[in-house]
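Residue numbers (the working numbering): 13 to 217. Built from N, CA and C at the ideal position, the CB exists for glycine as well. Shown next, in structure tokens, is the structure this report addresses.
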């Protein structure tokens with residue numbers, strides 16, 4: 013089982029990132045909450061991971077914090093919630109906010125997330141409430157405290173297209189993803205910041 017990667021970040025194209033560990037490139041799928049914390053390319057990074065083994069593939073999922081990883085592992089145990097939906101949930105709401113929503117029986121707070129209908133929201137609250145009853149915020153031992161919330165990048169068309177592609181990978185339809193990005197004031201923002209703002213606007217609506 014691969015539980016942690018420490019190496020050089022050589023690719024980040026949400027929801028996929030790649031870490032070079034002594035010459036071996038590990039492809040990792042991660043929620044946007046993790047992407048917001050990544051350093052720039054060619055810099056050291058530490059990612060906590062969870063390996064999902066299927067008949068046709070072995071998929072590695074990565075997280076910035078232990079809380080995110082534990083929550084992901086709990087989410088994929090819920091009936092009807094697979095890794096893709098779990099990543100979408102963690103991309104649309106922070107781990108501690110999700111815990112609070114479940115504890116408060118806030119069904120509407122979950123329905124606002126992409127891919128979550130009323131029945132799924134009810135199932136999440138029922139199945140996750142006991143698991144989160146004594147939930148404590150673990151200490152973050154990743155060692156990577158770098159944030160990418162810098163607005164120094166130039167908003168080129170490629171950046172906009174990357175943001176749209178990332179939203180599509182998270183489950184949004186192409187037309188819907190394009191509309192979400194085009195509605196933003198994207199001047200001076202990085203791909204990660206565009207996605208973050210688009211997801212925030214969706215949750216508010």
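Coarse secondary structure for residue i, derived from DSSP in three states
i, result
"residue 135", "helix"
"residue 162", "Because residue 162 carries a pLDDT of 42, less than 50, the predicted location of this residue cannot be relied on, and the following value inherits that uncertainty. If DSSP states are grouped into helix, strand and coil, residue 162 belongs with coil."
"residue 93", "coil"
"residue 157", "Note that residue 157 scores a pLDDT of 42, beneath 50, so its modelled location is shaky; the value from the coordinates is reported in the next line. Residue 157: coil per DSSP, three-state reduction."
"residue 30", "strand"
"residue 149", "Because residue 149 carries a pLDDT of 49, less than 50, the predicted location of this residue cannot be relied on, and the following value inherits that uncertainty. Three-state result, residue 149: coil."
"residue 211", "helix"
"residue 167", "For residue 167, the predicted structure reports a pLDDT of 46, less than 50, and the residue's modelled location is therefore unreliable. A value from the coordinates is still provided. In the structure shown, residue 167 sits in coil (DSSP, three-state: anything other than H, G, I, E or B)."
"residue 13", "coil"
"residue 204", "helix"
Residue closest to residue i, alpha-carbon to alpha-carbon, out of the options
i, options, result
"residue 95", "25, 124, 208, 40", "40"
"residue 208", "172, 58, 81", "172"
"residue 29", "115, 132, 73, 67", "73"
"residue 78", "45, 92, 53, 71", "45"
"residue 138", "70, 191, 113", "113"
Test item: CB-CB of residue i and residue j under 8 angstroms
i, j, result
"residue 58", "residue 50", "no"
"residue 87", "residue 111", "no"
"residue 140", "residue 64", "no"
"residue 19", "residue 60", "no"
"residue 178", "residue 27", "yes"
"residue 100", "residue 126", "yes"
Any chain B beta carbon closer than 8 angstroms to residue i
i, result
"residue 120", "Of the protein chains in this structure there is only one, and it is not chain B."
Cβ neighbour criterion (16 or more within 10 Å) applied to residue i
i, result
"residue 35", "exposed"
"residue 159", "The predicted model places residue 159 with a pLDDT of 41, which falls under 50 and marks its position as unreliable; any figure quoted below should be read in that light. So residue 159 counts as exposed."
"residue 213", "exposed"
"residue 194", "exposed"
"residue 33", "exposed"
"residue 129", "exposed"
"residue 42", "buried"
"residue 93", "buried"
Problem - Unbroken stretches of the alpha helix (DSSP H), 4 residues or longer, contained in the stretch 60-131 - result: 78-87, 95-104, 107-115, 119-123
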